[in-house]
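Asker: First the structure, then my questions, so here it is.
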Amino acid sequence: MTRPSGCGDGMLNLVIVGLNHRTAELDIRERAAFSAAELPMALKRMTQQPGIKEGMIISTCNRVELLCHAEKPETGINALEAFLSESCETPAEELKSHLYRHVGDQAVRHVFRVASSLDSMILGEAQILGQMKSFYGIAVGASTVGYRLNSLIQAAFHTAKRVRAETGIGEFSVSASSAAVELARKIFGDLSAKRILIIGSGKMGETAARHMASSGASCIRVTNRNPEKAQNLAARFQGEAVPFENLAWWVARSDIVIASTGSQDMLIDRSMAQAAIRERRNAPIVFIDISVPRNVDPAVGAIDNVFCYDVDDLGAVVEANLGERRRAAKLAEKIIEEEVQAFCARLRSHDVGPMVAQLQGKIEEICWIELQRFIKRAGPRNERETQELESMASRIARKIAHPLVMQLRAAHHSPTRQEAYLDAIKRIFKL
Amino acid sequence: MGWALPLTMVLYTLGLMHSIIGFYRKRQIFISAALGMVGCGFASHTLFLTLLGLRVHHLPITNLSESLSFFAWCITLTFIVAHLRYRINVLGAFVLPLVSLLMILSESIWEGNHTIPPLLRSRWLYFHSSVAFLAYAAFSLTFVSAVLYLIQEKELKTKNFRFLYFRLPSLQVCDELLRRSLYAGFVLMSLTIMTGALWAQQAWGRFWSWDPKETASLVTWAIYLVLVNYRLSASWRGRWASYISIAGFVSMLFTFGINKGLHTYL
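Structure representation (structure tokens):
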């Protein structure tokens, strides 16, 4: 009997059918998606399909994945495809071109990559792991997962954690407002006790300020040509509205100034920044200018201890961070490969259990037959002698089986070697 | 005792290698490993210096190779303190090359038995020279933080969000380290000059003789005095403070290297 390379029989029966943002347009994804309310029923129906033993569904706005442990991979795939086409009321032919199918170690790798956010639309985003946890929870609640999927999902969570810890893939912010926070951090270190001034009431300015506040900035002031708008925004931050006429005075008393207005003028020019820095006794100040057209004269960036960033600069930070994420992803692929191999090897060593039992049984059987033959030929023995002979026979059986079993178990690191041993033992002992 | 020095060198080198890998790959585990190795190297270095001191019945800073080794010890000490205090992961990659360089220099000119000049057979050696080396070590840290500050400031000003931007610490942390090490170094340097003057009075009958080393150390001290003064009074910080720290460091190296006139013995 020949086995396919990679994972063993048990693993080969892990099957995934799914579609994601790369293979399917939004309207298909919308049709295929399962709502949280209908998931338990869908899980039940899925696992009732012929040949499906365990099942789990992941359904986010970017992907729908059906995971299952099937009796046979081909029938499993067919059953899942039929189930999906029925549940999203789309003809199988139309759906087929959008689906990907993974079997065995391919499926393991896919699950690990999804959990580690390497398959996400925004590489390295942290949400997918939490989402997977909750979908796993739903499947556990519907009791449609068993031993195989359990161990697979646990291994996927473990892999995702390792990827996060060892590659730092999530450390790089990829939104403009978090990039602003990151820049401020590179200058001030800790943002607690930093004073923030928001000029204008633009949406992006508000988001950036919110990010800063959640990073510990304690004091937030808002100013606007229209005092009422300033009041409204300040109320949302538990901040303080300050009069626009005293802009220069307040700029000097802020560490981070976020400008986000619709104004056409330069609100902060070189001389204002210079006066501010003098008044601040050279304590650094950061201008984040999210307005288009700009409200902060870019020339202020040339003053010592003044740092000025506009929308394009924030974009450059995001771009650089994405580059770092891509670099981290390369390292992550290696970790995933390691974990896939380790996972398959673990399952494999579970697989040798029945074989070990068979082998031991076979050798014991040989010894037993020979013992009976001996007693038949040499005549009946007394009770003590019979007992001694029996224990000798079982000792011989154990001592022959022991090194074989040890070798078989020890080979679990290397799937190909274990494969070869299993095959050899099967042939030699005709199991 | 023969094993302590090679062991120290090996541990320092391993620590340096791990710091650089940690810097390059931004992995905490390498940084922690590096700190552990440098810590062990420091322990073994301390043991080496202690045993050497016990053998010659003297503080082992009586010739150039011993001084370099002691200087390296002082820098490692300040590095460990700074690392534990500020957790600047990249510090090792910048400070430890200095330590390794000093150790290699010290090793290459090592002489087993040298006679200790009678002038140095004095209790003052403990107060004057060891404090001087601690001051040098603190200023070395000031220098490194100034360099880190200048590089990171340049990356931030030129909006160059690349390799160094991701790895170097924030300006605030660099500035804080610069400030602290500057103050510590300045106090120690002042002590060095004072104890030196007292020793000179005993040994040579004069507090101050304007020999080259004395003059150089006064210049170094004056540079740092200017920096400390403006730092305190006018809040000089950032780029200019960094430039002056670097100038002070160059002057300090000159002070260390100049051993003419009355200080001719190293």
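Protein chains in written order, with this note's numbering: chain H, 951 to 1381; chain L, 1403 to 1668.
Ideal placement from N, C-alpha and C gives every residue a C-beta, glycine not left out.
#1: Closer than 8 angstroms by beta-carbon distance: list the chain L residues that pair up with H:GLU1274, in chain order.
#2: Which residues in the same chain have their Cβ closer than 6 angstroms to the Cβ of H:LEU1017, if we skip the five residues on either side of it in sequence?
#3: Along the chain, where does the alpha helix (DSSP H) containing H:ASN1028 start, and where does it finish?
#4: Under 8 angstroms between the Cβ atoms of H:ILE1218 and H:ILE1148?
#5: Give, in chain order, every residue of the region 1542 to 1564 of chain L whose Cβ lies closer than 8 angstroms to some Cβ of chain H.
#6: Is L:ARG1523 close to chain H? Criterion is C-beta to C-beta, closer than 8 angstroms.
#7: Kindly indicate which three-state DSSP category L:ILE1511 falls into: helix, strand or coil?
#8: Mind pulling the chain H residues with CB within less than 8 angstroms of L:LYS1428?
#9: Going by Cα to Cα distance, which pick from H:SER1128, H:ILE1285, H:GLU1314 is closest to H:ALA1105?
#10: Return the first residue and the last residue of the alpha helix (DSSP H) that H:ASP1069 is part of.
#11: At which residues does the beta strand (DSSP E) containing H:LYS1003 begin and terminate?
#12: Beta-carbon of H:ASP1239 versus every beta-carbon of chain L: anything under 8 angstroms?
#13: Starting from H:GLU1156, follow the alpha helix (DSSP H) in both directions and report where the run begins and ends.
#14: With a 10 Å radius around its C-beta and 16 neighbouring C-beta atoms as the bar for buried, classify H:ALA1343 as buried or exposed.
#15: Quick one: what's got a C-beta closer than 6 angstroms to L:THR1478's C-beta in the same chain, skipping five residues either side?
#16: Please identify the residue among L:MET1419, L:THR1657, L:LEU1409, L:PRO1520 whose C-alpha is closest to the C-alpha of L:ASP1613.
#17: Is the CB-CB distance between H:GLY1001 and H:ALA1032 below 8 angstroms?
#18: Looking at the secondary structure, which residues open and close the alpha helix (DSSP H) in which H:ILE1103 lies?
#19: Would you mind sorting H:GLN1188 into buried or exposed? The rule is 16 or more other CB atoms within 10 Å of its CB.
#20: Do the CB positions of L:GLY1494 and L:SER1421 come within less than 8 angstroms of each other?
#21: Enumerated in chain order, which unbroken segments of the beta strand (DSSP E) with a length of 3 residues or greater are wholly contained in the region 1185 to 1251 of chain H?
#22: Along the alpha helix (DSSP H) that carries L:HIS1485, what are the first and last residues, could you check?
#23: Give the DSSP bridge partners of H:ALA1129, in chain order.
#24: Does any C-beta atom of chain H lie closer than 8 angstroms to the C-beta of L:SER1647?
#25: By the 10 Å Cβ neighbour count, where 16 or more other Cβ atoms means buried, how is H:VAL1242 classified, buried or exposed?
#26: Consider the Cβ of L:LEU1454: report whether some Cβ of chain H lies at a distance smaller than 8 angstroms.
#27: Under 8 angstroms between the Cβ atoms of L:LEU1470 and L:LEU1498?
#28: Can you tell which of H:GLY1120, H:SER1123, H:LEU1133 has its C-alpha closest to the C-alpha of L:ARG1570?
#29: To be precise: take each residue of the region 1575 to 1601 of chain L, compare its Cβ to all Cβ atoms of chain H, and keep it if any distance is under 7 angstroms. Which residues remain?
#30: Is it a yes or a no for the region 1168 to 1183 of chain H touching the region 1110 to 1130 of chain H, going by three-plus beta-carbon pairs under 8 angstroms?
#31: For H:ASP1263, return the contacting residues in chain L, with the cut-off set at a CB-CB distance below 8 angstroms.
#32: If the criterion is Cβ atoms closer than 8 angstroms, does the pair H:PHE1257 and H:VAL1290 meet it?
#33: Return no unless some Cβ of chain L is closer than 8 angstroms to the Cβ of H:LYS1312.
#34: Quick check on H:ALA1226 - is its C-beta less than 8 angstroms from some C-beta in chain L?
#35: I'd like to know whether the C-beta atoms of H:ALA1089 and H:LEU1264 end up nearer to each other than 8 angstroms.
#36: Might you give, ordered along the chain, the residues of its own chain that have their beta carbon closer than 6 angstroms to the beta carbon of L:LYS1615, omitting 5 neighbours on each side?
Answerer: In this structure, then:
#1: For the purposes of this step, residue 1274 of chain H is taken as the residue at position 324 of the first sequence. Near H:GLU1274 (Cβ distances below 8 angstroms), the residues of chain L are PHE1568.
#2: Your numbering for residue 1017 of chain H matches position 67 in the first sequence. These residues qualify, in order along the chain: ILE966, MET1006.
#3: Position 78 of the first sequence, counted from the start, is the residue given in the question as residue 1028 of chain H. 1023 to 1037 is the span of the alpha helix (DSSP H), which, as asked, contains H:ASN1028.
#4: As a working note, residue 1218 of chain H is residue 268 in the first sequence. As a working note, residue 1148 of chain H is residue 198 in the first sequence. No; because the gap between Cβ atoms is not below 8 angstroms, this pair is not in contact.
#5: GLN1554, LEU1558, LYS1559, LYS1561, PHE1563, ARG1564
#6: Stepping through the second sequence from its first residue, residue 1523 of chain L is reached at position 121. No, its Cβ sits nowhere closer than 8 angstroms to a Cβ of chain H.
#7: Working through the second sequence from its first residue, we reach residue 1511 of chain L at position 109. L:ILE1511 falls in the coil class under three-state DSSP.
#8: Within the second sequence, residue 1428 of chain L is the residue found at index 26, counting from 1. Those are GLY1118, listed as they occur along chain H.
#9: As a first step, residue 1105 of chain H must be located in the first sequence, where it is residue number 155. If we check each option's Cα against that of H:ALA1105, H:ILE1285 comes out closest.
#10: By 1-based counting over the first sequence, the position of residue 1069 of chain H is 119. Unbroken run through H:ASP1069: none, as it is neither H nor E.
#11: By 1-based counting over the first sequence, the position of residue 1003 of chain H is 53. Unbroken beta strand (DSSP E) run through H:LYS1003: 1002 to 1009.
#12: Here residue 1239 of chain H refers to the residue found at position 289 when the first sequence is read from its first residue. Cβ-Cβ to chain L under 8 angstroms: no for H:ASP1239.
#13: Translated into positions along the first sequence, residue 1156 of chain H becomes position 206. Residues 1153 to 1164.
#14: Translated into the one-based positions of the first sequence, residue 1343 of chain H becomes position 393. With 16 or more other Cβ atoms within 10 Å, it is buried.
#15: Numbered from its first residue, the second sequence carries residue 1478 of chain L at position 76. Result list for L:THR1478: PHE1444, VAL1501, in chain order.
#16: Indexing the second sequence from 1 puts residue 1613 of chain L at position 211. Checking every option, the nearest Cα to that of L:ASP1613 belongs to L:THR1657.
#17: On the first sequence, position 51 is the one that residue 1001 of chain H refers to. On the first sequence, position 82 is the one that residue 1032 of chain H refers to. No, Cβ-Cβ distance for H:GLY1001 and H:ALA1032 is not below 8 angstroms.
#18: For the purposes of this step, residue 1103 of chain H is taken as the residue at position 153 of the first sequence. Taken as a continuous stretch (DSSP letters only), the alpha helix (DSSP H) holding H:ILE1103 covers 1097 to 1117.
#19: Counting from 1 along the first sequence, the entry for residue 1188 of chain H is found at position 238. It is exposed - the Cβ of H:GLN1188 has fewer than 16 other Cβ atoms within 10 Å.
#20: Stepping through the second sequence from its first residue, residue 1494 of chain L is reached at position 92. Stepping through the second sequence from its first residue, residue 1421 of chain L is reached at position 19. Taking 8 angstroms as the Cβ cut-off, L:GLY1494 and L:SER1421 qualify as a contacting pair.
#21: 1206 to 1209, 1235 to 1239
#22: Working through the second sequence from its first residue, we reach residue 1485 of chain L at position 83. Note, L:HIS1485: alpha helix (DSSP H), 1466 to 1488.
#23: In the first sequence, counting from the first residue as 1, residue 1129 of chain H sits at position 179. Paired residues: none, contrary to the question.
#24: Taking the second sequence and counting its residues from 1, one reaches residue 1647 of chain L at position 245. Taking CB atoms only, L:SER1647 has no neighbour in chain H less than 8 angstroms away.
#25: Counting from 1 along the first sequence, the entry for residue 1242 of chain H is found at position 292. Its Cβ having fewer than 16 others within 10 Å, H:VAL1242 is exposed.
#26: For the purposes of this step, residue 1454 of chain L is identified with residue 52 of the second sequence, where counting begins at 1. Between L:LEU1454 and chain H, the shortest Cβ-Cβ separation is not below 8 angstroms.
#27: Position 68 of the second sequence, counted from the start, is the residue given in the question as residue 1470 of chain L. Position 96 of the second sequence, counted from the start, is the residue given in the question as residue 1498 of chain L. Going by C-beta atoms, L:LEU1470 is not nearer than 8 angstroms to L:LEU1498.
#28: The count along the second sequence starts at 1 and reaches residue 1570 of chain L at position 168. One detail in the question is off: residue 1570 of chain L reads as Leu in this sequence, not Arg. If we check each option's Cα against that of L:LEU1570, H:LEU1133 comes out closest.
#29: VAL1575
#30: no
#31: Reading the first sequence from its first residue, position 313 is the one you call residue 1263 of chain H. Within 8 angstroms Cβ-Cβ: LYS1561.
#32: Taking the first residue of the first sequence as 1, we reach residue 1257 of chain H at position 307. Taking the first residue of the first sequence as 1, we reach residue 1290 of chain H at position 340. In this structure, H:VAL1290 does not lie closer than 8 angstroms to H:PHE1257 by Cβ.
#33: Reading the first sequence from its first residue, position 362 is the one you call residue 1312 of chain H. Closer than 8 angstroms: no.
#34: By 1-based counting over the first sequence, the position of residue 1226 of chain H is 276. At least 8 angstroms separates the CB of H:ALA1226 from every CB of chain L.
#35: Looking up residue 1089 of chain H in the first sequence gives position 139. Looking up residue 1264 of chain H in the first sequence gives position 314. Taking 8 angstroms as the Cβ cut-off, H:ALA1089 and H:LEU1264 do not qualify as a contacting pair.
#36: Taking the first residue of the second sequence as position 1, residue 1615 of chain L is located at position 213. Excluding positions up to five away in sequence, the list reads ILE1660, HIS1665.
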